[in-house]
Amino acid sequence: MYREPKEKNPKFVGFPIKMYAFEHEGLFVVQKDENAFMLYFLLGVHSHNYWNWGSVETTVVTLSKQLPLKNKESDNRKEIRRLLQVLNDKSWIKINMNDDSLEYDSLLTIDMIDLGSPYVMDAVLSQNYKHTGWLKVTQEMFDACRGNARHLRAMIYAEWRMFRNQENEGEYRISLNEWEKVMGISHATAVKLVKELNDLDLVHKERGAMYQDENGQPKRETNLYTVVSEEERQERNEVDKNEQYSPEHQENIDTNAMIAEIEGDPRCKGTNVYKTGKKDYLGSKEYYIWKTTTYEDTKAHLDKRFSRFQEISPKRYASVVSEGEKYMQKLENRKKEQKIAMDLHASNYNNSDLGCYNLYDDDEDDGMKNNNETRRRNIEREEEEKAKNARERFYAMLDSLDEPQTVCAFDI
Numbered sequence: 100m101y102r103e104p105k106e107k108n109p110k111f112v113g114f115p116i117k118m119y120a121f122e123h124e125g126l127f128v129v130q131k132d133e134n135a136f137m138l139y140f141l142l143g144v145h146s147h148n149y150w151n152w153g154s155v156e157t158t159v160v161t162l163s164k165q166l167p168l169k170n171k172e173s174d175n176r177k178e179i180r181r182l183l184q185v186l187n188d189k190s191w192i193k194i195n196m197n198d199d200s201l202e203y204d205s206l207l208t209i210d211m212i213d214l215g216s217p218y219v220m221d222a223v224l225s226q227n228y229k230h231t232g233w234l235k236v237t238q239e240m241f242d243a244c245r246g247n248a249r250h251l252r253a254m255i256y257a258e259w260r261m262f263r264n265q266e267n268e269g270e271y272r273i274s275l276n277e278w279e280k281v282m283g284i285s286h287a288t289a290v291k292l293v294k295e296l297n298d299l300d301l302v303h304k305e306r307g308a309m310y311q312d313e314n315g316q317p318k319r320e321t322n323l324y325t326v327v328s329e330e331e332r333q334e335r336n337e338v339d340k341n342e343q344y345s346p347e348h349q350e351n352i353d354t355n356a357m358i359a360e361i362e363g364d365p366r367c368k369g370t371n372v373y374k375t376g377k378k379d380y381l382g383s384k385e386y387y388i389w390k391t392t393t394y395e396d397t398k399a400h401l402d403k404r405f406s407r408f409q410e411i412s413p414k415r416y417a418s419v420v421s422e423g424e425k426y427m428q429k430l431e432n433r434k435k436e437q438k439i440a441m442d443l444h445a446s447n448y449n450n451s452d453l454g455c456y457n458l459y460d461d462d463e464d465d466g467m468k469n470n471n472e473t474r475r476r477n478i479e480r481e482e483e484e485k486a487k488n489a490r491e492r493f494y495a496m497l498d499s500l501d502e503p504q505t506v507c508a509f510d511i
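The numbers in my numbering rise by one with no breaks, and the one at position 265 of the sequence shown is 364.
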């Protein structure tokens with residue numbers, strides 16, 4: 100069933116992309132079965148052997164010890180057996196055994212699917228999305244997800260959509276609707292997932308730019324996603340192992356942070372500017388504050404941190420500087436988009452009829468003037484209420500775009 104390669108030394112497991120074909124029940128791995136991605140990778144690794152290439156002999160008990168998914172051992176074995184049946188039913192693996200039923204101690208010979216077969220390579224459609232082929236998943240990619248099946252599943256899909264080494268490499272944009280469909284999750288969960296992938300440096304999100312459609316309504320382009328390279332992740336892991344800061348330097352930095360934070364830049368809240376542990380990395384937001392702050396204490400504090408960062412990890416420092424410049428440009432673009440949107444709102448408000456009212460003449464009696472003055476105030480209040488409602492509708496419209504939007508100059 101599995102095609103034997105010419106050289107038996109691959110350092111990857113091939114994942115069929117039709118596992119994401121959400122309109123094909125016989126192919127699609129639903130959300131409650133997403134741990135099947137973890138199990139499939141484990142089986143793929145074990146199938147790379149010289150004696151029986153593409154197959155693995157094992158038991159549920161053995162797999163349960165190698166892949167802890169549940170806290171209780173009995174629950175874990177039950178889950179492993181269930182996921183094996185899921186993969187077998189969808190023909191992503193083939194289970195061979197002598198027993199009449201799949202028991203925990205049954206000796207299983209599991210054949211991995213032939214990645215060159217029509218079952219993998221023939222394209223299928225789910226709505227407007229075409230799924231075909233397979234993707235190389237390395238041990239490093241698997242380890243980077245730290246046992247989170249959903250992150251692994253999303254990372255694989257984002258990497259496939261990168262279309263590496265093709266003419267359209269890095270141009271495909273994944274909408275939230277597509278994330279929801281191929282992952283089998285809700286809109287809110289998709290928003291949370293994208294944020295997690297970005298925060299964990301697994302998949303970077305580049306927010307789509309604002310524009311006006313033919314009707315003059317503000318719209319946003321679909322987001323662009325880029326999988327973080329293995330080299331970047333490995334370099335960060337090396338920094339972890341070597342401990343980014345010495346104890347002496349750590350003590351000095353912490354002292355400086357306590358002093359600087361007293362009158363520091365308020366934008367530092369929620370960032371790692373004053374967090375100086377080994378896991379509190381300097382990134383794009385910290386770089387932005389460093390380059391734009393007008394607070395002397397914050398500037399001096401970040402001067403020391405970035406100087407030390409450059410000394411310890413020049414490559415990672417250069418990467419942060421590059422990403423920081425992109426982040427600064429993104430914020431500038433967002434400010435421009437904001438201004439366009441606000442100007443659009445202001446023009447709509449200024450075109451109201453408030454300035455056209457001439458409610459009384461100088462030769463009218465005082466009673467008439469008082470009545471008209473009351474009417475004028477009422478009209479002003481009505482126009483203010485209309486303007487308020489218009490603003491609320493505008494922000495609600497932004498919230499209903501591709502994902503929840505934040506209308507602000509600096510979103511940290």
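For each residue, glycine too, the CB sits at the ideal point set by N, CA and C.
CB-CB length for residue i against residue j, believed under 8 Å
i    : j    : result
V155 : L142 : 6 Å
V219 : Y256 : Actually they are not in contact, since the Cβ atoms of V219 and Y256 sit about 16 Å apart, beyond 8 Å.
F140 : F241 : 5 Å
CB contact flag (residue i, residue j, <8 Å)
i    : j    : result
S163 : R181 : no
V326 : E410 : no
A253 : L299 : no
F114 : V302 : no
N432 : A243 : no
F136 : L251 : yes
Alpha carbon of residue i to alpha carbon of residue j, nearest angstrom
i    : j    : result
V144 : I194 : 16 Å
N276 : D364 : 38 Å
E133 : W191 : 14 Å
D213 : S383 : 43 Å
I273 : I179 : 31 Å
L381 : G125 : 45 Å
H348 : Y324 : Interpretation of H348 is limited by its pLDDT of 45, a score under 50 that renders its predicted location unreliable; the figure taken from the coordinates is listed afterwards. Roughly 36 Å separates the two Cα atoms.
I209 : Q165 : 16 Å
S412 : T370 : 20 Å
Y310 : V290 : 22 Å
F111 : S418 : 26 Å
F262 : N488 : 44 Å
R475 : K434 : 36 Å
A222 : Y416 : 42 Å
V372 : E330 : 25 Å
Y119 : D174 : 27 Å
N477 : K485 : 12 Å
A399 : E268 : 41 Å
E202 : L224 : 37 Å
G215 : K189 : 17 Å
T473 : I439 : 35 Å
E172 : W152 : 30 Å
R260 : S328 : 14 Å
K131 : D198 : 28 Å
Y149 : S200 : 29 Å
E479 : E313 : 32 Å
E270 : R249 : 24 Å
E64  : Q265 : No information on residue 64 is available, as it lies outside the stretch 100 to 511 that the chain covers here.
Given residue i as reference, the closest of the options once Cα atoms are compared
i    : options                : result
E239 : R332, A120, H400       : R332
N187 : V223, V128, N197, L168 : V128
N247 : L296, A399, P217, L224 : L296
H123 : R366, I478, Q226       : Q226
Q184 : L207, E172, K169       : L207
P217 : N264, D198, K117       : K117
L168 : N371, R245, Q428, N322 : R245
D402 : E385, T237, S418       : E385
S205 : T161, W152, R407, H147 : T161
K318 : Y416, K235, Q437, K110 : Q437
H147 : N314, M261, M211, E313 : M211
E305 : F140, E484, K429, Q130 : K429
N322 : D312, E313, W278, H250 : W278
T397 : C367, K414, R407, N314 : C367
M196 : E270, Y271, T158       : T158
D442 : E395, E202, G315, S328 : G315
K374 : E483, R404, D198       : R404
Counting pairs of beta carbons, one from the stretch 283-297 and one from the stretch 224-231, are three or more of them closer than 8 Å? no
Specify whether the stretch 410-427 and the stretch 383-396 touch according to this definition: at least 3 beta carbon pairs, one from each stretch, less than 8 Å apart. yes
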